[in-house]
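Structure, as structure tokens:
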Amino acid sequence: MVRAYVGGAAPWRLPWRRVGTFSPIGGGRVITANVIYRVFRLRIGDTTGTGFAIEAGGREYLVTARHIAEPVDRKDTIHLFENGDWRALGVSLVGHAPRDIDISVLAASTRLTPERSLPLPATSEGLIYGQDAFFLGFPHGLSDLVLGDTGRPVPLVKRATVSSLQGEPFLLDGHNNPGFSGGPVVFQIPGSREFRVAAVIQGYRPAREPIYLDDGTETDLYLRGNTGIIFAYHISAAVELAESNPIGLALLA
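Using numbering that gives the first Met the number 0, the letters of the sequence shown map in sequence onto residues 0 to 252.
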């Protein structure tokens, strides 16, 4: 069960064995533990965002957006949010994708995911134009749940429609917010309950929208609106970086 703390600042806590087992209202899809336990709120320098763990060649890697991780060079220290504070984590740079692909891959000095097997294939194979997908992260640093005994926040999840699969980036129709950058895009093959991670969130296409006075007079001011068009980059770029520089933490078979 999920326990709520009423009348205080303590967050809700979600026990380990129940993550991904509750039933959503209306019988909708459930984001399962093999997704949730891989997503982290991170800080690199003065920039915060989202990252997530994948496996390649029996090793574990931390994937995020390049515009977040670009300051990382060789060996460095980043921070993960745990128990209400930032915890230092030593990392090594696996690689930054080329400039036109907003993906970076890091290798952490300690294991990020639970030791029990929670596989999540890193592939977009089976993703269909027009189907639902989900993206996870920490918009504006928000999270109301704590993930079991890890002390880490549970990411927020949003739904989107796969609008275009051609080239980079591919496009989703949804509503992205600052803080989702670097988060995973996951999907289920139609007819299957298995999730796969297909892409890494980069951001959204802004729109320059004029500001009007109450009487309808247009001003010289504009705001940066959200078009609902989300940019994401194929996970294959992260897998290629990991396979070309296999320095991730080796996982026990």
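Glycine included, every Cβ here is placed at the ideal spot set by N, Cα and C.
Contact between the stretch 177-197 and the stretch 111-121 is present, with at least three C-beta pairs closer than 8 Å.
The Cβ neighbour count for S243, taken over all protein chains shown within 10 Å, is under 16; the residue is labelled exposed. When rounded, the separation of the alpha-carbon atoms in T63 and F51 is 7 Å. Counted as a single uninterrupted DSSP element, the beta strand (DSSP E) harbouring V185 occupies residues P183 to Q187.
A231 is positioned such that its CB atom lies closer than 9 Å to that of P168. Between G125 and S162, the C-beta gap is not smaller than 9 Å, which leaves the two residues out of contact. For E54, the uninterrupted beta strand (DSSP E) segment begins and ends at T46 to A55. Per DSSP, the continuous alpha helix (DSSP H) segment holding S243 begins and ends at S235 to S243. Contact annotation: the stretch 30-44 touches the stretch 132-139, with at least three C-beta pairs closer than 8 Å. Per DSSP, the unbroken alpha helix (DSSP H) holding H66 starts and ends at R65 to A68. If the five residues before and after G44 are omitted, its C-beta is found closer than 7 Å to the C-beta atoms of P70, all from its own chain and listed in chain order. Taking each of V153, R207 and T218 in turn and checking the Cα distance to I30, the smallest one comes out for V153.
The Cβ-Cβ distance between S103 and R65 falls below 9 Å.
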